[in-house]
Amino acid sequence: MSEFVDNLEEVFSLFGPISTKRMFGGYGVYHDGLMFGLVADDVLYLKTDKKSEAIFTDLGLYPFEYEKKEKKMKMSYYLAPDEIYDDPEIAREWCARAFEAALRSRKK
Numbered sequence: 223m224s225e226f227v228d229n230l231e232e233v234f235s236l237f238g239p240i241s242t243k244r245m246f247g248g249y250g251v252y253h254d255g256l257m258f259g260l261v262a263d264d265v266l267y268l269k270t271d272k273k274s275e276a277i278f279t280d281l282g283l284y285p286f287e288y289e290k291k292e293k294k295m296k297m298s299y300y301l302a303p304d305e306i307y308d309d310p311e312i313a314r315e316w317c318a319r320a321f322e323a324a325l326r327s328r329k330k
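Those letters in the sequence shown? Residues 223 to 330, per the working numbering, in order.
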């Protein structure tokens, strides 16, 4: 596991326990068994939905994309803001927002 991924437990310590699982060359970030984050190339992306996406885009944060058959595919995970790495309260707020989006997505 990368040092970046190992450090996420500390980053999200005020939110609660998290776990990570290796997937597709990156990692899924989970709380209570629900994936709310994605790490690719040591970059963290947080789960969004229609209710929360604008908060990310208004800050210029962009979605995780991958290429499939020469076509770019966007996922509902957006770049996490840099502030979360310096302020545990801000990290808790963003983590909660992503987890809530994951909960709403699961209910559909």
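C-beta: ideal position from N, C-alpha, C; glycine also.
Is DSSP giving Ala-302 helix, strand or coil here?
coil
Counting Cβ pairs closer than 8 Å, one from the stretch 255-262 and one from the stretch 275-283, do we hit at least three?
no
Note the first and the last residue of the continuous beta strand (DSSP E) segment covering Glu-287.
285-290
Drop a sphere of 10 angstroms on the beta-carbon of Arg-328, count the other beta-carbons inside from all chains shown, and report buried for 16 or more, exposed for fewer.
exposed
Taking the alpha carbon of Pro-285 as the point to measure from, which residue in Gly-238, Thr-270, Lys-243 has its own alpha carbon closest?
Thr-270
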